[in-house]
Amino acid sequence: DSVGNFTGSQELRRVLGSNGTSATRTGTAVPRTPSRGTPGAAAVEPGAAPEHGGQGAAGIGTHRVLAMDVTLAPRDPQAPGQFGHPVAVPEDKQEEARSRWKEGNFNVLLSDLIPVDRAIADTRPAGCSEQQVHDDLPTTTVIMCFVDEVWSTLLRSVHSVLSRSPPSLLRELILVDDFSTKEYLKEKLDAYMSQFPKVKILHLRERHGLIRARLAGARIARGTVLTFLDSHVECNVGWLEPLLERVRLQRARVACPVIEVISDKDMSYMTVDNFQRGIFTWPMNFGWKQIPQEVIEKNKLKETDIIRCPVMAGGLFSIERKYFFELGTYDSGLDVWGGENMELSFKVWMCGGEIEIVPCSRVGHIFRNDNPYSFPKDRVRTVERNLARVAEVWLDDYKELFYGHAYHLLQRRPELGDLSQQMALRDRLQCHSFRWYLQNVYPDLAAPPVKASGLLMNVGTARCIAVQNTTLALQACDVNNKAQHFNYTWLRLLRHGELCVVPVGAAGAPGLRPCTGWESSLAWRHSSMAARPELAEHLVVQHQHPPACLLVHRVLLALRLGACTATDRYQQW
Ligand code: UD2
Ligand code: MN
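With the first letter of the sequence shown counted as 1, position 5 gets the number 37 in the UniProt record's numbering; the numbers rise by one all the way through.
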């Protein structure tokens, strides 16, 4: 059934209903005034389930999720930004706010103004605070890696973990300093954190990037579960137990909180629309996608229902430590930033696990328009290389869809480094194919529209390719003639309906064949062989060595394959 693709088993389903406004992470987020997290009031609603829920099926007791939050009665209720309210930059500080923006690519001046332990509104859907979780939840190590994080923001992230996590479940909080350059992140940070016995700081001796920095934290972690967080977050009331409950129920599972928005401009805490899944579009761009309204209604989905996701955002999640290592952690060949969320998502799903968003767990995050730190190498190329590694290891033939959408990579393939360990891991774990993943986990991935469609006109002769019965011919171009219409797909097939143009047809010349399955021998690269890209492009059979080009024979005026020549107009289409 379709709901299986969207939501998880419904163990956590409880009281229904919703209130309050919500917003998206793509710009229309609106501040939310606290409705339940009012100062001084415990986040317990009248008529809710009892504090202790008695015995679970296995004889293990359960209790109502703890709403512990020492900030609910804040020291200074009048402080700016308290309760997640927006803050305005004072008139005489506008210039300073602008100049400090680049320290973190958000309003650093305001972050410094608001308390490091401010209260925020409890944005959980109604019903979350009555949910029951097991008394024997696993402990967790929180791992937060950072490079040159803003002081007040880093502190606020740490305080939110310490003050809103049940102490018995928080084994430790490991800060991994990825070779920051800022002075305040050295002795001053060590000194500040020394007041919290649970906080450990690992200063890396060189820049490793977030992927290897997280792994450095994971290697020394002692909690049963690892919980990764970015270093500019605010964990909301009751955020931890629902994540740990999901992992306790099923160890081969990644549990993610709903990621809410801390405004980069006014530092307000904003909630987001419910019912959003983590998805990707080609070439492997992460995004959130709303579950269609009719699916919500048909299946009577509740705001508190678990949401299964094809991929995760990457920054905030809980995973059992031993399971993470069984999966081979991350591909440690991924550099600096980007793509690791795709890698772990494909690996988890294809090798027997699952990924979900837990609506009763909510964590705010400052979304920024640009990375505030430098990349050791070119940023774009670093991310592309990471994604290409993921494509090569996990996508099977579908990697052509990735390369088809990142076309320049076809011409200039990045140096990917050694992939043999990753391939061996996939073998050892006996993971499903990417086709299985698409069919079972992400069946609604939009069928990729074709890359181009229209006529295939030869520049030298100004004639067009046409389909005659089941063979190819050259004719005077006519846009109204359906026989001359072709689609060029993202998999680089030249299609006419169900027929594909193939390099060698029945008569030894290029011809047609039913398109069944994808093989590299059917693919045509449409690209310029010339230094001047404004020249019309060649249709190259790539898997032949040397590559061959589709051309019109000057004498016979018929289609042939031949050696590619950059300037030959009879080879340009
Ligand atoms: C998102 C994820 C982020 C990561 C990234 C893709 C969320 C909320 N964030 O981008 O966790 O998955 O996508 O890779 O889902 N950092 C280092 N060393 C580096 C670079 C970054 O320690 O070389 C730290 C950084 O300080 C931050 C964390 O890694 O705490 C994530 O980086 P980001 O906040 O720039 O990534 P973001 O949120 O844009
Ligand atoms: Mn981030």
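In this text, a Cβ means the ideal position worked out from N, Cα and C, and glycines have one as well. The model shown is predicted, which means the values in this text are computed figures rather than measured ones.
### Task
Over the uninterrupted beta strand (DSSP E) stretch that includes Y405, give me the two end residues.
That residue, Y405, is in no beta strand (DSSP E); it is neither H nor E in DSSP.
### Query
From V193 to E266, what distance separates their C-alpha atoms?
8 Å
### Task
Counting only runs of 3+ residues fully inside the segment 508 to 547, write out the beta strand (DSSP E) ranges in chain order.
518 to 520, 526 to 528, 531 to 534 and 543 to 546
### Query
M374 by DSSP, collapsed to three states: which one?
helix
### Query
Taking Cβ to Cβ, would you say C509 is nearer than 8 Å to M489?
yes
### Query
By how many angstroms is the C-alpha of Q453 removed from the C-alpha of A151?
46 Å
#### Entry: For M455, the three-state DSSP class (helix, strand or coil)
helix
### Bridge partner(s) assigned by DSSP for N317
T313
### Task
Look up F178 in the DSSP assignment and give the residues it is bridged to.
D209
#### Entry: DSSP-derived helix/strand/coil call for A478
coil
### Query
What whole-angstrom Cβ distance do G537 and L544 have, given they're in contact under 8 Å?
6 Å
### Task
Could you please give me the residues that DSSP links to A438 through a beta bridge?
Bridge partners of A438: none, in fact.
### Query
Would the beta-carbon of C267 be found less than 7 Å away from any heavy atom of the ligand UD2?
no
### CB contact flag (V343, F318, <8 Å)
yes
### Query
How is the alpha helix (DSSP H) around P391 delimited, first residue to last?
Run containing P391: none in the alpha helix (DSSP H); it sits in the beta strand (DSSP E), E386 to I398.
### Message
Buried or exposed, going by whether 16 or more other CB atoms sit within 10 Å of the CB of G370?
### Response
buried
### Message
Please tell me whether V260 and G136 are closer than 8 Å, where the distance is taken between their beta carbons.
### Response
It should be noted that the sequence gives Phe, not Val, for residue 260. Against a cut-off of 8 Å, the Cβ pair of G136 and F260 comes out as no contact.
### Query
According to DSSP, is C581 helix, strand or coil?
strand
### Task
Grab the span of the beta strand (DSSP E) containing W426 for me, first residue to last.
From DSSP, W426 is part of no beta strand (DSSP E) but of the alpha helix (DSSP H) over R411 to W426.
### Message
I need the straight-line Cα distance from H117 to V395, nearest angstrom please.
### Response
16 Å
### Query
So L221 and I206 are in contact, right, with Cβ under 8 Å, and what is the actual spacing, rounded?
The Cβ separation is near 13 Å, so there is no contact.
### Message
Looking at the secondary structure, which residues open and close the alpha helix (DSSP H) in which G241 lies?
### Response
G241 to I252
### Task
State yes or no: is the C-beta of I146 within less than 8 Å of the C-beta of D296?
no
### Query
Would a C-beta distance cut-off of 8 Å place V279 and S350 closer than the cut-off?
yes
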